[in-house]
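So the sequence shown is numbered by my numbering: it starts at 494 and just counts up by one.
Note that CB positions come from ideal geometry on N, CA and C, so glycine has one too.
So the structure is just underneath, and the comments pick up after that.
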Amino acid sequence: RASDERRPWIGASIHSTGELETAIAAGSPLDSVHLAPIWNPRSKPAERPALGLEALAETARIAARKGILVLAQGGLDAERAGACIAAGAAGIAVTGIVRQAADPRAEVRALRRALDRREAN
494 RASDERRPWI GASIHSTGEL ETAIAAGSPL DSVHLAPIWN PRSKPAERPA
544 LGLEALAETA RIAARKGILV LAQGGLDAER AGACIAAGAA GIAVTGIVRQ
594 AADPRAEVRA LRRALDRREA N
C-alpha cells in the first residue's frame with residue numbers, strides 16, 4: 494500500500510469475487526489481487542469461463558473497501574484495458590497480446606496510451 498512503501502507487497506491471483514471475499518474473511522493481509530480471466534485469454538485456451546466487466550467492477554468495489562488494488566488480466570487489448578480501468582481496476586496484466594504481437598513494444602505503447610487516456614478522464 495502506498496502508505497508504507499518499505500513494506501513488502503502481498504498479492505494473490507484470484508478467479509472470482511468469492512475468492513476475494515474468502516481471503517478478506519480469513520484476514521489475509523492483501524495489498525492487491527490479480528483477477529483473471531476478464532475475457533478469454535489470448536495466450537492459451539480458456540480454462541474457466543471469462544468473468545466480464547461486471548464481475549471486475551464488483552470485485553474492485555469490495556477490494557477498495559479494504560484498500561486492496563485489483564489488476565485485471567485475460568483477453569486484453571487497448572480498448573478492453575481502458576474498460577477495465579473504468580470498471581475499477583487499478584491496472585492490468587497482459588501476456589498474449591504482447592507475446593503474439595509482431596511489434597511487442599508498439600503493443601505495449603498502445604496499451605499505455607489507452608490506460609493514460611482512461612486515467613485522465
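Distance between beta carbons of residue j and residue i, contact taken as under 8 Å
i    : j    : result
L523 : L549 : Not confirmed; about 17 Å, so no contact.
Reduced DSSP category for residue i - H, G, I as helix; E, B as strand; rest coil
i    : result
A586 : strand
P501 : coil
L608 : helix
L523 : coil
I507 : strand
Whether residue i touches residue j by CB criterion (9 Å)
i    : j    : result
A594 : A582 : no
R606 : A571 : yes
G584 : G568 : no
K559 : I507 : no
V563 : V526 : yes
A543 : S521 : no
R500 : W532 : no
I555 : T510 : yes
A576 : L546 : yes
C-alpha distance - residue i paired with residue j, whole-angstrom precision
i    : j    : result
E514 : I578 : 21 Å
A603 : D609 : 10 Å
A519 : E512 : 11 Å
E540 : A553 : 22 Å
P538 : A557 : 31 Å
E551 : D596 : 34 Å
R535 : E612 : 25 Å
A580 : E600 : 22 Å
| In chain order, each beta strand (DSSP E) run of at least 3 residues that lies wholly inside the segment 541–573 | 562–566
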